[in-house]
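The numbers in the working numbering rise by one with no breaks, and the one at position 625 of the first sequence is 675. Scroll down for the structure; my scribbles are underneath it.
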Amino acid sequence: MPIDLNDFDEAPPPPKQGGLASRAMAATAPPYLSGLNPEQRDAVLTIDGPLLVLAGAGTGKTRVLTTRLAHVLSQRKAWPSQILAVTFTNKAAREMKERIGHLIGGAVEGMAWLGTFHAIGVRILRAHAELAGLKSGFSILDDDDQLRLLKQLLQAESIDEKRWPARHLANLIDGWKNRGLTPDKVPAGEAFSFANGLGGKLYADYQARLKTVNAADFGDLLLEPLRIFQEHPDVLKDYQQRFKYMLVDEYQDTNTAQYLWLKLLAQGHRNICCVGDDDQSIYGWRGAEVDNILRFEKDFPGAKIIRLERNYRSTPQILGAASGLIAKNEARLGKTLHTDKEAENPVIVRGHWDGEEEARQISDDIESLQRKKLPLNDIAILVRASFQMRAFEDRFIRAGIPYRVIGGPRFYERAEIRDALAYLKVVASPDNDLAFERIINTPKRGIGDGSVKKMFDGARARRTSLYASAEAMSLEPGLPAKARTSLRQLFDSFTRWRGQLDHIPHTELAEIVLDESGYTAMWQADKSPEAEGRLDNLKELIRSMGEFENLTGFLEHVALVMDRDQGNEEDRVNIMTMHSAKGLEFAQVFLPGWEEGLFPSQRSLDEKGRAGLEEERRLAYVGITRAKQNLTISFAQNRQVHGLWQSALPSRFIDELPEKHVDVAPMTTSYGGHGLGSFGSSRFDEGKAFGQGSYSTPGWQRAQANRAAGTAARHTPKFIEGELVASSAARSDYETGTRVFHQKFGYGTITHVEGNKLTVDFEKAGEKRVLDSFVERG
DNA sequence: TGATGCTGCGTTTTT
DNA sequence: CGCAGCATCA
């Protein structure tokens, strides 16, 4: 298909550069280059040889990426089918496709290799399935399936699932796959660490099991193509020659398997362009290696590096705060964002008594923004951990502020959706044991665990799938009569449905399957409050199937695309984690909960030490750089975590914000109802130095040091090796009846002691449960 | 096979 | 504290 550049209709972004020279160039240069700044232009035009584009937050990365592709195509350097363009998420892939479509028109359709790592992995694996011991029609397991399969293996080895949870094994295996390790390559010590030395065997068994059920898990979608490349040079060569140009988005998020994969492929034409930002690498905990981006030049000798540092998103203060913070990291390539924007409001830092008040204050702020007619959609609250969201939801419900939570439980993960999909999977491929097992007795049809176990044994003995063996066993004695009857009925239905597969629309078939199987009826009969919602979800599922040509196409989509478009049409405040905010931007951003232990998360620190701290700091950087206009960072002195009151110090990240871009709001002191004053253990209580915005004066720092040495030290450590010191093993010297004093609640009398957890009847605040380390004898 | 109580646990999340 | 997952019992 010819490339039609006349279709180009995208409005240029903020130009600013519009001098004579660039206008003169625009006259001769292709139209898509106009409006790019010099670095962006360089990144677009440098198409031969390895290139790393370090694209800071808000520097027009996507635009560069898409323009670059358009450039390669319009210069006829490659056909659309010769370009490999990989992203991490479906959303990013979709967006890229759309935007390239705007630039080059219908030619995008020829870009068969634009997609997520996993989608491209499946494509390669389907083409060479037999080299991985699979058949081309293999099914893709979601992690629920994966877990069930592992549980079976653990049971087969009679391993105590309490001591060695399947979840843990799944994580280990995923980790190995992320690192490109097949069972034979896992370091002996690591493999040995699970279940007294059985870890390696279990991984090998699991892989073997996957092959027999003709299935691949998500890790395999990367690992198996990699192994094929490594073991079959002819196949590798084929792909190396095919991909004249390679483009990788979010390179800082690649794991070792993906990295190896890219490196092998790039050895063909060596035209690999990786775009990313080392400062925004926040997925180390799921296998991403920042190191991949840090050592790009070593991996690709002669590589060119272009930095995009001009930010089109945020005010100078927001950028200044972000830059000052991230500069504390050691492991980074280094890059400083700048902007031409006029100075506006400084970043606000605000302390609160407790989490409740923090939420109230933010909701008040939002109400006043609302009065100024600011769209709620432009407002976001970004938290470190999802449990923090509840305080805001509670508050917003009371205040009547509409909100949406982004990133909650996902559509395709709901039980009813999984069940429905399992039925459809069995219709499409009866040998999908995991799907069949899921629905064999859902709705209940009198086939108990015992019968299922017998059928599994039968399948193993006959070396067939569960479906086939169950079908045979339904005709023989051995199973309870009731089970046999309903099995036969079930198989009749499946045969009938399969017969209709090619004759009626797949949406209609899905309805028939759900009705005739009794699945819909099951939920209709269910009187629990959520049953109605589940039925709605099923309707929605069938509706969304209509967007696909056939059942197979739909099932493939579902396996790879677990996300779903969020209804964004209503005007609502956005609540989400900082992780899920990556890539988004909002005019008004609130970052609550900046307290030691919570953010940076104690667990990251304990598990990963300095690297963990740096990743947390990058997360803070991501959070800050989401803001366009105004940013408010806050912390609470006291927070209820797991039902216990804990006091916390302001996050070290707050101290790291450069003073000149920050305004410190006076501490809010109106603690709801109790009227307790300040107790002087924190600099923020005094509100003096802090209130004047000079919180890093020597005096202030002394106060902080004192506090750390004094009050905080008197409180025994809240955490030891990542565990909250709140176990019953810890003994308290306090006894019932003792009068105590607590920073937040004042004076009270102990009514109950349990380990180091005290129940105290406070004179003003009523009965509360607190850790003994937060009270003193009064 | 369903209901109920108990224990244990408690970042971040995509594919 | 609140929830999920399991074990136990009827």
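In this text, a Cβ means the ideal position worked out from N, Cα and C, and glycines have one as well.
Cβ-Cβ separation, residue j to residue i (assumed contact under 8 Å), whole Å
i, j, result
"residue 477", "residue 544", "7 Å"
"residue 824", "residue 792", "6 Å"
"residue 232", "residue 273", "7 Å"
"residue 331", "residue 668", "6 Å"
"residue 137", "residue 299", "5 Å"
Burial state of residue i (16 or more Cβ within 10 Å)
i, result
"residue 644", "buried"
"residue 638", "buried"
"residue 75", "Summary for residue 75: the model assigns pLDDT 45, below 50, so the residue's position carries little reliability, and this model does not support an answer."
"residue 660", "exposed"
"residue 786", "exposed"
"residue 827", "exposed"
"residue 632", "buried"
"residue 281", "exposed"
"residue 447", "exposed"
"residue 411", "buried"
"residue 553", "exposed"
"residue 43", "Outside the modelled stretch of the chain, which goes from 51 to 828, sits residue 43, for which no answer is possible."
"residue 355", "exposed"
"residue 405", "buried"
"residue 157", "buried"
"residue 565", "exposed"
Beta-bridge pairing of residue i - partner residues as DSSP gives them
i, result
"residue 137", "166"
"residue 520", "In the DSSP output, where bridge partners are listed per residue, residue 520 has none listed."
"residue 439", "Beta-bridge pairing links residue 439 to no other residue."
"residue 527", "529"
"residue 572", "Paired residues: none, contrary to the question."
"residue 626", "432"
"residue 338", "305"
"residue 266", "190"
"residue 322", "296"
"residue 695", "690 and 820"
"residue 132", "According to DSSP, which records beta bridges pairwise, residue 132 is partnered with nothing at all."
"residue 473", "Answer is none; residue 473 lacks a bridge partner."
"residue 789", "799"
"residue 647", "651"
"residue 638", "429 and 680"
Delimiting residues of the beta strand (DSSP E) encompassing residue i
i, result
"residue 673", "Unbroken run through residue 673 is the alpha helix (DSSP H), 652-674; no beta strand (DSSP E)."
"residue 453", "453-455"
"residue 357", "354-358"
"residue 680", "677-691"
"residue 182", "Looking at the DSSP string, residue 182 is not in any beta strand (DSSP E), and its letter there is neither H nor E."
"residue 816", "816-821"
"residue 295", "295-298"
"residue 346", "Residue 346 -> not in any beta strand (DSSP E); alpha helix (DSSP H) instead, spanning 346-349."
"residue 105", "101-105"
"residue 809", "807-812"
Where the alpha helix (DSSP H) containing residue i begins and where it ends
i, result
"residue 826", "Where residue 826 is concerned, there is no enclosing alpha helix (DSSP H), although the beta strand (DSSP E) it sits in stretches over 825-827."
"residue 407", "405-421"
"residue 711", "It is not in any alpha helix (DSSP H) - residue 711 carries neither H nor E in the DSSP assignment."
"residue 116", "111-124"
"residue 584", "581-595"
"residue 611", "Premise fails: residue 611 is in no alpha helix (DSSP H) and is neither H nor E."
"residue 510", "499-512"
"residue 563", "556-566"
"residue 94", "88-95"
"residue 375", "366-376"
"residue 216", "216-228"
Please confirm if the segment 192-205 is in contact with the segment 214-233, defined as three or more CB-CB distances below 8 Å between the two stretches.
Enough Cβ pairs lie closer than 8 Å, so yes.
Determine, using beta-carbon pairs with one atom in the segment 634-652 and one in the segment 335-346, whether at least three such pairs fall under 8 Å.
Fewer than three beta-carbon pairs drawn from the segment 634-652 and the segment 335-346 are found closer than 8 Å, and the two stretches are therefore not classed as touching.
Would the segment 153-173 count as touching the segment 128-145 if we require 3 or more Cβ pairs under 8 Å?
These segments touch.
Is it true that the segment 679-688 meets the segment 394-409, where meeting means three or more beta-carbon pairs spaced less than 8 Å apart?
The segment 679-688 vs the segment 394-409: in contact.
Between the segment 259-279 and the segment 479-489, can you find at least three pairs of beta-carbon atoms closer than 8 Å?
The answer is yes - the segment 259-279 touches the segment 479-489, with three or more Cβ pairs under 8 Å.
Is it true that the segment 373-390 meets the segment 315-322, where meeting means three or more beta-carbon pairs spaced less than 8 Å apart?
No, the segment 373-390 is not in contact with the segment 315-322.
The segment 440-459 in contact with the segment 622-629 per 3-pair CB rule at 8 Å:
In short, these stretches touch, since the Cβ pair count reaches three.
Do the segment 694-712 and the segment 409-420 make contact, defined as three or more Cβ pairs closer than 8 Å?
Result no; under three Cβ-Cβ pairs closer than 8 Å.
Would the segment 146-154 count as touching the segment 93-110 if we require 3 or more Cβ pairs under 8 Å?
The segment 146-154 makes no contact with the segment 93-110, as fewer than three CB pairs between them are under 8 Å.
Do the segment 594-603 and the segment 516-530 touch if we need at least three Cβ pairs shorter than 8 Å?
Counting Cβ pairs under 8 Å, fewer than three are found: no touch.
Given 8 Å, three or more beta-carbon pairs between the segment 485-500 and the segment 562-574
With a cut-off of 8 Å, the segment 562-574 and the segment 485-500 count as touching, because enough Cβ pairs lie within range.
Three or more beta-carbon pairs under 8 Å between the segment 164-178 and the segment 234-249, yes or no?
Touching, no, given that fewer than three Cβ pairs across the two stretches are closer than 8 Å.
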